[in-house]
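These notes concern the structure reproduced below.
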Amino acid sequence: MLTLVFKTKGYGKDVDYDRNKGDRNFEDFCDFMQAIGANREGQSNVWNLNFKGQEITFIYADIEFQNLYAENQLSDM
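If you count by the numbering used here, then the sequence shown holds residues 116 to 192, one letter each, in order.
Next comes the structure, spelled out in structure tokens:
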């Protein structure tokens, strides 16, 4: 099984996360998943695709850059 995680583009310091852009990115991601024939698991951000007998899982993560940066800093301690 192959798992791919897609995350929205975050923003650097002193810039607010753009929720509208994140929503548009998610809509584009959903359109792409439908176009390649992936199946969505309920209302989640997880899609599955069986390609040549191999299961591929796509996960869309709506994460702000600042949160990801903070998590990395904590794990380095």
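All C-beta atoms in this analysis are idealised placements derived from N, C-alpha and C, irrespective of residue type, glycine included. All values derive from a computational prediction rather than experimental measurement.
**Asked** Under a Cβ-count criterion, where at least 16 other Cβ atoms within 10 Å of its own Cβ denotes burial, should F173 be classed as buried or exposed?
**Response** Within 10 angstroms of the beta-carbon of F173 lie 16 or more other beta-carbons, which makes it buried.
**Asked** Would you report the Cα separation of F147 and N160, rounded to the nearest angstrom?
**Response** Approximately 13 angstroms, taken between the alpha carbons.
**Request:** Return no unless some Cβ of chain C is closer than 7 angstroms to the Cβ of I171.
**Result:** The structure shown has no chain C; it contains just one protein chain.
**Opposing strand residues paired with Q169 [DSSP bridges]** = DSSP lists F166 as partners of Q169.
**Contact belief for A153 with W162 at Cβ below 8 angstroms, rounded distance in angstroms** = In this structure A153 touches W162 by the C-beta definition: roughly 4 angstroms separates them, less than 8 angstroms.
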